[in-house]
Amino acid sequence: MKRVNVTKSFLPPIEEYQQYLQRIWKNDWLTNQGPLLKELEAALETRLRVEDLHFVTNGTIGLQIALRSLGITEGEIITTPFSYVGTISPILWERCTPIFIDIDPKTLCIDPKKIEALITENTKAILPVHVFGNPCDIEAIEAIAKKHDIPVVYDAAHAFGAEYKGKSLLDYGDVSMCSLHATKPFHTVEGGLLIARDKKVSAKIELAKRFGHNGDVQHQLGINAKASEFQAAMGLCNLKYIDEIIAGRKKVSAQYDALLPRAKFERPVIRKGTTYNYAYHPVVLRSEDELLQKMERLKERSIYPRRYFYPSLNTIKYVASDQRCPVSEDISKRILCLPLYSGLEEEIVNDICKVLNT
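For the sequence shown, counting from 1, position 139 maps to 139 in the numbering used here; every step adds exactly one.
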């Protein structure tokens, strides 16, 4: 029986990728800010209508670099418990303390009404997540950040192709990170990008991602976040298909919505003013027991959805947090992301919905 995973990475025609490989062989340049990487950065800036975009080897290290480039190496960082662990790993790795704010039960993004009460003299940044590509309450968050003079770093891992109020969702905050991992609608196999609002911060990011030096001059502490020409080649191939990919995902998502009644399966409310990218198709079931039963029945059919996001990050043992986030803790036990990718067959979607509805 054919295995159906929660997603399927898009692969361009191999002949198109080979054309870029031929350029790599001709240039004899494999990494270290090669010509394909620079070409991809320029193409992404044009596509997203942004400036100061940095292509890095993955989104997680991108968040670390963002924090460092803002001068944050200790203190408290306000964030959400409802995300993948890659959101808090950079916080902990940089010896900072995550302060968890519970989520809005409708959008599943951080609840801005609860942020200000937990701001202290040790608060160094706010790190919200545009969950499933759904925008946070950007206006409320940035008003709080401005009032308290705190930078905002958006984890926009899921947000490629999403827009809010007519511009890229990646073009908000002091720094925004997007994942280009193979599971995302637009990918470079592994990879990520950073967009900085301030030119000085952007310059620090550029140095930080390549060990902190330019030529033989060592300017600052850095790390190796240099993406390869092979990653850039995949990005250049895939970028021309992104509209087609998103349209295909939208079609599958619409089929789910038509077959799964909202009375039984809650869905996140997409914020008004959003052009959505259909990065995921999450549904919230009535109980964890029901979720586990449905997952087992789907597994019998070789269908593998994922429990995004479980567990609630404030409950992970090594985080050692005593903060309660009841909304996140509840929803994380009942939410399931269904298989979603361009080209997913209608009969498979019908089969998934039949299992969920019975």
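All C-beta atoms in this analysis are idealised placements derived from N, C-alpha and C, irrespective of residue type, glycine included.
CB contact flag (residue i, residue j, <8 Å)
{"i": "Tyr164", "j": "Ile138", "result": "yes"}
{"i": "Thr360", "j": "Pro268", "result": "Lying outside 1 to 358, the shown extent of the chain, residue 360 is not represented and no answer is given."}
{"i": "Ala203", "j": "Ile65", "result": "no"}
{"i": "Glu94", "j": "Leu67", "result": "yes"}
{"i": "His158", "j": "Tyr304", "result": "no"}
{"i": "Asp174", "j": "Asp198", "result": "yes"}
{"i": "Ser69", "j": "Ile205", "result": "yes"}
{"i": "Thr188", "j": "Gly235", "result": "yes"}
{"i": "Glu142", "j": "Val131", "result": "no"}
{"i": "Phe186", "j": "Ile242", "result": "yes"}
{"i": "Leu36", "j": "Arg23", "result": "yes"}
{"i": "Arg306", "j": "Asp351", "result": "no"}
{"i": "Gly442", "j": "Leu221", "result": "Residue 442 is absent from the structure shown; the chain starts at 1 and stops at 358."}
For residue i, the nearest candidate out of the options (CA to CA)
{"i": "Pro326", "options": "Ile77, Asp102, Pro13", "result": "Asp102"}
{"i": "Ser228", "options": "Thr358, Leu44, Thr57", "result": "Thr57"}
{"i": "Glu16", "options": "Lys240, Arg301, Leu340", "result": "Lys240"}
{"i": "Met177", "options": "Tyr154, Pro185, Gly161, His187", "result": "Tyr154"}
{"i": "Lys184", "options": "Ile14, Ala162, Lys200", "result": "Ala162"}
{"i": "Asn134", "options": "Arg271, Gln323, Val319", "result": "Arg271"}
{"i": "Lys299", "options": "Asp257, Pro339, Phe82, Lys209", "result": "Pro339"}
{"i": "Tyr172", "options": "Ala140, Lys200, Asn357, Glu206", "result": "Ala140"}
{"i": "Phe100", "options": "Asp322, Lys354, Asn357, Ile246", "result": "Asp322"}
{"i": "Trp29", "options": "Ile223, Ala232, Glu346", "result": "Ala232"}
{"i": "Met1", "options": "Phe132, Ile348, Asn277", "result": "Ile348"}
{"i": "Phe10", "options": "Gly273, Pro261, Tyr318, Ile246", "result": "Ile246"}
{"i": "Asn314", "options": "Tyr276, Ser83, Pro105, Ala182", "result": "Ser83"}
{"i": "Pro12", "options": "Tyr256, Leu169, Asn238, Glu346", "result": "Asn238"}
{"i": "Arg297", "options": "Leu356, Asp243, Tyr256", "result": "Leu356"}
{"i": "Ala258", "options": "Cys96, Arg3, Lys354, Gly86", "result": "Lys354"}
{"i": "Gly166", "options": "Val85, Val217, Asn214, Thr274", "result": "Thr274"}
{"i": "Ser312", "options": "Arg306, Ser328, Gln293", "result": "Ser328"}
Residue-chain proximity (residue i, chain B), Cβ-Cβ < 8 Å
{"i": "Lys226", "result": "As a matter of chain content, chain B is missing from the structure shown, which is built from one protein chain."}
Continuous beta strand (DSSP E) stretch holding residue i: start and end
{"i": "Ala159", "result": "Per DSSP, Ala159 belongs to no beta strand (DSSP E) and is neither H nor E."}
{"i": "Ile78", "result": "75-79"}
{"i": "Gly59", "result": "Note, Gly59: premise wrong, no beta strand (DSSP E); alpha helix (DSSP H) at 59-69."}
{"i": "Cys109", "result": "No beta strand (DSSP E) contains Cys109, which DSSP labels as neither H nor E."}
{"i": "Ser176", "result": "175-179"}
{"i": "Pro326", "result": "Careful: Pro326 lies outside any beta strand (DSSP E), inside the alpha helix (DSSP H) at 326-334."}
{"i": "Val56", "result": "53-56"}
{"i": "Ala196", "result": "192-196"}
{"i": "Thr97", "result": "96-100"}
Boundaries of the alpha helix (DSSP H) in which residue i is found, first to last residue
{"i": "Thr46", "result": "35-48"}
{"i": "Phe230", "result": "229-239"}
{"i": "Ile91", "result": "89-93"}
{"i": "Ile372", "result": "The requested residue 372 is not part of the displayed model; the chain covers only 1 to 358."}
{"i": "Ala205", "result": "According to the sequence provided, residue 205 is Ile. The question's Ala does not apply to it. Ile205 -> alpha helix (DSSP H) spans 199-208."}
{"i": "Ile24", "result": "14-27"}
(message) With three or more C-beta pairs closer than 8 Å as the rule, is the segment 192-209 touching the segment 41-53?
(response) yes
(message) I'd like the ranges of any beta strand (DSSP E) spanning at least 3 consecutive residues and lying wholly in the segment 123-153.
(response) 123-127
(message) Measuring CB atoms only, is the segment 60-68 touching the segment 98-113, in the sense that at least three cross pairs come out at less than 8 Å?
(response) no
(request) Just list the beta strand (DSSP E) runs in the segment 255-305, keeping only unbroken ones of 3 residues or longer that don't cross its boundaries, in chain order. (result) 282-284
(message) Check whether the segment 330-344 and the segment 286-306 are in contact - that is, three or more C-beta pairs closer than 8 Å.
(response) yes
(message) Between the segment 112-132 and the segment 68-78, can you find at least three pairs of beta-carbon atoms closer than 8 Å?
(response) yes
(message) Count Cβ pairs between the segment 22-42 and the segment 214-227 that sit closer than 8 Å; are there 3 or more?
(response) yes
(request) Please determine if the segment 233-253 and the segment 342-355 are in contact, where contact requires at least 3 C-beta pairs separated by less than 8 Å. (result) yes
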